[in-house]
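Residue numbers (the working numbering), protein chains in the order written: chain B, 1 to 415; chain A, 1 to 415.
C-beta: ideal position from N, C-alpha, C; glycine also.
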């Protein structure tokens, strides 16, 4: 079974308003085994909305509308759905009475246009609105020779969610065939999306029953989203586990999370497991690495301190980099990265020290040391590794890449 | 002229991913006088995407696709648009060469599937991607007897925005009928949205011809977007200037930018103007303030260094906070904030020193010192101001609020 969600309202076509109802509805539908295959956003426009309704009915089993059920002339969902389905609308006398009572109870006179909220599609069931005046509607009908479920919900998220939970879920559970879904999410560090895809394709193509989506989630992070349906929850879990295990094997070194954890959380987790602490000295990342490490609540247990050492003086002052070393090799060099890592480790008496120096750009590059060149060092008192990388992209991306590389180096050392 | 935006990608049909590109595109199109009348979200599915393309072409003048231009088999936008338009695709040899060069410059072997990124619709112009590998495409063509503009953009917001700004805007401006529009954007620091609206409403309501939108742009930042149309550019500019001046007067102290500058840029600008330097010592913000200051290219001219001092030891070690002061007042106190600001200022020999200490949460709060309590200090060698704030929201928001408050204190001291 599949679904389309149509969000109705001209305000959703401005730069300032996001449709968030569809995320809620997608999650609820996915849990029932219903896939959302289209989302549309349409203004308060009779012709556009009727056309969008027809298209949705012609291509999906379940069509859910949010919004456009209010009392004003702009509220067109009822009319347009009726026109698309070629059915009548009837004004429900009990609903009219209830509306008048509701207004009277608040000692208000009901404006007559409110009666429009009592317009019901022929054959539809009324969905109670526990948080507002506009009732929803549920219609099971035929269109183009197939069975369709059409659901009309109010736009305000509070009203929509209460109505979906209380009125739609029981009806959907009764109407849908039983299906079980399992999902997994793998996160891969520092592998280009195309390389990740190439290495994974040979594996996931053998699992035609598991839907696999590859996502570049930011500099240095690719995600695999796996999802399958089966006749029992056990079967579904087994099938995604099988694919997940093969992918984890292929990306044994690069896969850092299998349950949605962030890179910072994973690094924090390993540091705590090893009873270890960390300190960082950053030049071009300007504090981003420290900021990422401390995004995790409780990071004070393993993160001791950081120094942002932009100037040469500060590199010496906070991390004891020998001034002569900077003169001889330049501030952006393997040697200085290593000295930063070693210096900050000693200063903070940490188990691990990280040093980063590079050219984030857009200015400051030379032919020999171009924008994007970054040295990242990791010291643990016994050995110091230094990696030279040439990152592409703007200042923000170069800085993020560098912080990601640093976190991944720490992770690999700790695993 | 009207437009439809089609966001492509199965991940956008999950509960986890919002399409944010369409908000950016809507804003840019609105500024050109183009209305967005439909937004669609389609998965990586050949038939669905081709169908959605045909519908969009049949109902709007400009059709913009975001996403689906990558190298993987899932990336179908090029193919489906070609099929919908009934035109050929040609693999561009120069683009292939450029792709190989790009990989070679990073010392990587290019997976052959990357060549798909060089597939160009017959008659289309190539839009350069300054931030990634997938080029965009611009096609002016006829469909169903009308002129259409078809634009293919990459999905990652950074790539899409840079490409739209650099490659699409000039082409759209040339292709669209002339209209005179003037816009202004004012940014206000540390005023709640509702208060800002209340204070502004009395002013902007007198300007019924200037469209005014108020936007909460993040913790501690509210934006006013002003926009008007007129018969000449001069008339339009004069009208928004008039309103802008009145708002700037009302928010004389809180308005920090009138030309789109970020808070970090403004602070950097004032520091350079005063030939001053800055250093920061951060506890709860964990490096965020240093990271924000150094987002600005060229910040090395005024940002000397920063220390992330999570533990008490580090507060003493890097910023000379007396250990007894911490024992007597607690690490989260006015006294320690002031000592951090003064200590880091002296250590780095900077004109200004900032100290931040607080409880970002979600754990670590007490009745006396709850989550969200933050002390922010600014020292210049003559006087040290300390502000106590109680910020609402989660860890991320509390940290951002605190960094914004710190930047705004520096700004106000420098103005």
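Looking at the backbone, the Cα of residue 45/A and that of residue 238/B are separated by about 26 Å. Under the three-pair Cβ rule at 8 Å, the stretch 55 to 73 of chain A counts as touching the stretch 144 to 154 of chain A.
Given a length threshold of 4 residues, each whole run of the alpha helix (DSSP H) inside the stretch 271 to 312 of chain B is given here in chain order: 288 to 293. Exclusion of the five residues before and after residue 56/A leaves 4, 6, 38, 40, 63 as the residues of its chain whose Cβ lies within less than 8 Å of its Cβ. Scanning its chain for C-beta atoms nearer than 6 Å, with the 5 sequence neighbours on each side dropped, one finds around residue 26/A the residues 36, in chain order.
Following the DSSP letters along the chain, one finds residue 2/B inside the beta strand (DSSP E) bounded by residues 2 to 8.
With a beta-carbon spacing of about 6 Å, residue 129/B and residue 136/B fall inside the 8 Å limit used to define contacts. If you draw a straight line from the Cα of residue 399/A to the Cα of residue 408/A, it is about 14 Å long.
When DSSP reads this structure, residue 180/A sits in a beta bridge with 230/A.
Residue 398/A sits in a helix when the DSSP states are folded into three classes.
Residue 389/B carries a strand assignment under DSSP once its states are collapsed to helix, strand and coil. Comparing alpha carbon positions, the residue from 411/B, 73/B, 30/B closest to residue 274/B is 411/B. Around the beta carbon of residue 221/A, 16 or more other beta carbons sit within 10 angstroms, so the residue counts as buried. A direct Cα-Cα distance of roughly 38 Å separates residue 264/B from residue 29/A.
Flagged as an interface residue toward chain B: residue 294/A, by a C-beta distance shorter than 8 Å.
Under the criterion of beta carbons closer than 8 Å, residue 282/B and residue 308/B qualify as touching, at roughly 5 Å.
For the pair residue 304/B and residue 314/A, the CB atoms are nearer than the 8 Å cut-off. If you compare the alpha carbons of 214/A, 218/A, 219/A with that of residue 227/A, the shortest gap goes to 214/A.
At least one beta carbon of chain B lies nearer than 8 Å to the beta carbon of residue 27/A. Excluding the 5 residues flanking it on each side, residue 160/B has same chain C-beta neighbours closer than 7 Å at 21, 66, 153, 154, in chain order.
About 12 Å separates the beta carbons of residue 18/B and residue 12/A, which is beyond the 8 Å limit, so they are not a contact pair.
Looking at the DSSP output, residue 90/B shares a beta bridge with 120/B. According to DSSP, residue 357/A shares a beta bridge with 375/A. Proximity of chain B to residue 406/A at the Cβ level (cut-off 7 Å) is not reached, the minimal Cβ distance being about 13 Å.
Per DSSP, the beta-bridge partners of residue 224/B are 186/B, 214/B. A Cβ-Cβ distance of about 11 Å is found for the pair residue 406/A and residue 358/A, leaving them out of contact under the 8 Å criterion.
The continuous stretches of beta strand (DSSP E) do not include residue 70/B, and DSSP gives it neither H nor E.
Under the three-state reduction of DSSP, residue 253/A is assigned to coil, being neither helix nor strand. Interface annotation, residue 74/A: in contact with chain B, CB-CB separation under 8 Å.
Secondary structure at residue 195/B: helix, using DSSP grouped into helix, strand and coil.
The beta carbon of residue 96/A lies closer than 8 Å to those of 115, 118 in the same chain, with the five residues before and after it left out. Contacts with chain A at 8 Å (Cβ-Cβ) do not include residue 148/B. Annotation: residue 235/A to residue 258/A spans about 19 Å, alpha carbon to alpha carbon.
One Cα belongs to residue 59/B, the other to residue 49/B, and the distance between them is close to 16 Å. Residue 271/A places its beta carbon less than 8 Å from that of residue 277/A. The straight-line gap separating the alpha-carbon atoms of residue 247/A and residue 266/A is approximately 19 Å.
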